[in-house]
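Sequence positions in the sequence shown follow mature numbering (1 follows the signal peptide of the UniProt record, and there is no 0) and run -24 to -1, 1 to 407. Where is the CB? At the ideal position from N, CA and C, for every residue including glycine. The block underneath contains the structure these notes are about, expressed in structure tokens.
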Amino acid sequence: MRLIKNIKLKLIIVSILAVSMAFGGSSLTAHQPVAAVGHEWLTAAAARSDVPVSAAPVIISGKQDIVKSYSINEINRYLSQMDSTDIAATVKLFRAIELVKSRYVGETATDTLMSGAVKGMVNSLGDPYSLYMDPKMYKEFTIGTKGSFGGVGIILGVKDQLLTVVAPIEGTPGEQAGILSGDRIVKVDGRDTKDMALDEAVNLIRGPEGSEVTLTISRAGQDLRDFTLVRSNIQLKTVDGKMMESDIGYIRLSMFNENTGDDLFKKLQELEGQGMKAVILDLRNNPGGLLEESVKVANNFVPKGPVVSVVAKDGSRQTFSSNLETPKFPLVVLVNGGSASASEIVAGAVQDTGAGKLIGTKTFGKGSVQTLLPLGGDSAIKLTIAKYFTPRDRSINGVGIEPDIIVEMPDFKENGKDLQLEKAIEVLKGN
């Protein structure tokens, strides 16, 4: 009897390993953005498996593992890493699934039960940027990397445990309705967002193009206010620019998607051809995006050396660097509370290397890195796997970056004046 139990336990563990290796057998290889609203923001990475596939796949109860075929050596390695506590916990999970399937009065599906277990697992981390994505959410998640997505055009985060607008995207229903960076969303279509998971809020705000969603907003010093927005297809043009007075070029980055670095380079060339001698880089209300693109952007302004370092749980460090020999232009970077993640990577590198001055208000403080881990069956988890550090080894997560010159900006520009932009021009004229 004991032999039968041991064999059964080993088969259960092998089953568990098939699942755990789908989580753990991946590594950071390429960067993709985390979705916008739906995006919860910063960097995600495509995952790959380095696990060799045996010519003879593992067979469990007469069926090939539906996740992937793994070598016997790999399974033995994972078994050797599990202690008695791990084994007891994983057996408890499968026992719970067995009990629900055999005793629950209604119909059940193993896939549904496992999805619920994985979602609960990730939610238990208490990290607003880690989440489980079912097939529908996983599909929506990738849309923002390609230049367009459906929604209302606001980027969401969690600050002080409250659902917070990181930034509205320019030209979208959210911005046009007057939603501001720092607004707290307390209800979505009447549903209280207290204790609501970030991904759940994202799903509520998303919907068919042309449909309406009502957001109840809390704004400092004001009564609660309802904003009814019509969902639309959001087209992302991330780079814009023009010449200003005194040979100063102005470039606005609204996000960091897969084309931002190349588009910025083209815009710099265009403005340089028009006589640009100094540049203002506007990152206000830019919620971030691809880490890879932030490094490309910094490479146009930051001298040769580190731009950002990503430090994982085990202390391993990956440093991304600029190869720019000599910066061409005097530089001012505009930032505010809506400047997050990839924006803060660029701003931090500029400040730490002395490549330019930061003007505006303190940034959002989003300094963690997420990786996207496909699970099979068109689902995935997005997991916080590292923090990033500026060239001077500063972590800005939860802290933000204080600009070199603080210029507060009222919610509504006085007489159409942009006080932060005016200060930037003044500083560059003085160079």
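Distance check for residue j and residue i, CA to CA, integer angstroms please.
i           : j      : result
LEU395      : PHE365 : 30 angstroms
SER3        : PRO306 : Only weak support exists for where SER3 lies, its pLDDT of 33 falling under 50; the coordinates are left without a value.
SER344      : SER285 : 11 angstroms
LEU359      : ASP110 : 14 angstroms
ASP369      : ILE377 : 13 angstroms
TYR114      : LEU348 : 10 angstroms
GLY251      : LYS218 : 11 angstroms
VAL403      : LYS333 : 9 angstroms
SER100      : THR214 : 35 angstroms
THR190      : ASP168 : 12 angstroms
GLY406      : PHE241 : 26 angstroms
residue 412 : VAL134 : Residue 412 lies beyond the range of the chain shown here (-24 to 407); nothing can be said about it.
LEU200      : ILE161 : 10 angstroms
residue 443 : ILE130 : Shown here, the chain extends from -24 to 407; a query on residue 443 therefore has no answer.
LEU174      : THR61  : 31 angstroms
VAL76       : ILE210 : 42 angstroms
LEU132      : PHE340 : 12 angstroms
VAL142      : GLY249 : 35 angstroms
MET58       : THR236 : 44 angstroms
ALA153      : LEU212 : 18 angstroms
ILE63       : GLU151 : 51 angstroms
Quick one: what's got a C-beta closer than 6 angstroms to residue i's C-beta in the same chain, skipping five residues either side?
i        : result
LEU(-16) : With a pLDDT of 44 at LEU(-16), under the threshold of 50, the modelled position of this residue cannot be trusted, and the question is left open.
TYR108   : VAL94, LYS95, VAL98, ILE357
SER371   : GLY343, LYS363, PHE365
ASP328   : THR366, PRO367, ARG368
LYS338   : GLY376, GLU378
LYS253   : ASP223
LYS163   : THR192
ILE73    : LEU89
Can you find a heavy atom of the ligand NAP that lies under 7 angstroms from the Cβ of residue i?
i      : result
GLY158 : As for the ligand NAP, it is missing from this structure, which has no ligand bound.
Compare the C-alpha of residue i against each of the options and name the closest.
i      : options                        : result
VAL383 : ARG260, VAL375, GLY324         : ARG260
GLY353 : ALA65, ILE63, ALA72, THR88     : THR88
ILE227 : LEU139, GLU221, LEU244         : LEU244
GLU398 : GLU221, GLU301, LYS338, GLY183 : GLU221
LEU257 : GLN198, ASP199, SER319         : SER319
GLU176 : PRO104, ARG207, LEU240         : PRO104
GLN294 : GLY314, GLY313, LEU267, ASN312 : LEU267
MET172 : LEU240, LYS112, GLU185, LEU139 : LEU139
ALA196 : MET58, ILE155, GLY374          : ILE155
ASN262 : MET58, SER157, VAL81, PHE70    : SER157
ASP202 : LEU212, PHE340, ASP159         : ASP159
GLN232 : MET58, PHE296, ILE321          : Correcting the residue identity first, residue 232 is Phe in this sequence and not Gln. Checked all of MET58, PHE296, ILE321; the closest Cα to PHE232 is ILE321.
LYS112 : THR236, GLY183, SER106         : GLY183
GLY374 : GLN137, THR84, THR86, GLY186   : GLN137
SER194 : ALA323, LYS170, VAL67, GLU185  : LYS170
Consult DSSP for residue i and reduce its assignment to one of helix, strand or coil.
i           : result
THR302      : coil
LYS68       : helix
ILE73       : helix
MET231      : coil
VAL34       : Confidence is the limiting factor: at VAL34 the pLDDT is only 31, short of 50, which leaves the residue's position unreliable and the question unanswerable from this model.
MET97       : helix
LEU132      : strand
ILE401      : helix
LYS115      : helix
GLN137      : coil
GLY281      : strand
ARG195      : coil
ASP103      : coil
SER91       : helix
ASP290      : coil
residue 441 : Residue 441 cannot be examined here, being either before or after the span of the chain that is shown, -24 to 407.
ASP216      : strand
LEU395      : helix
Within its chain, find whatever has a CB closer than 7 angstroms to the CB of residue i; leave out the 5 residues flanking it on each side and keep chain order.
i      : result
SER298 : ALA274, ASN275, VAL278, PRO279, LYS280, GLY281, VAL283
ALA400 : ILE256, VAL308, LEU310, ILE335
ASP165 : LEU180, VAL189, THR190
GLU146 : SER230
LEU247 : GLY217, MET219, GLY225
PHE296 : VAL271, VAL283, VAL284
Does any C-beta atom of chain C lie closer than 8 angstroms to the C-beta of residue i?
i      : result
GLY336 : The structure shown has no chain C; it contains just one protein chain.
Going along the chain, which residues of its own chain have a beta-carbon closer than 8 angstroms to the beta-carbon of residue i, five neighbours each way excluded?
i           : result
ASP238      : LYS272
ALA331      : PHE277, VAL278, PRO279, PRO303, LEU307, ALA325
GLU301      : PRO279, LYS280
residue 408 : The structure shown does not extend to residue 408, since the chain spans only -24 to 407, so no value can be given for it.
ILE361      : LEU4, ALA288, LYS289, VAL345, GLN346, THR347
MET385      : ASN312, GLY336, THR337, ASP394, LEU395, GLN396
PRO149      : VAL128, GLY129, LEU205, VAL206, ARG207, SER208
_List, from N- to C-terminal side, the alpha helix (DSSP H) runs of 4 residues or more that fit wholly inside the stretch 359 to 384._
none
*Identify every run of the beta strand (DSSP E) within the stretch 240 to 269, keeping only runs that are complete inside it and at least 3 residues long; order them along the chain.*
Runs found: 254 to 258.
*Could you give the uninterrupted runs of the beta strand (DSSP E) lying entirely in the stretch 306 to 354, keeping only those of 3 residues or more?*
Runs found: 307 to 311, 333 to 336, 344 to 352.
*Hey, which unbroken runs of the beta strand (DSSP E) at 3 residues or more fall wholly within the stretch 150 to 188?*
160 to 164
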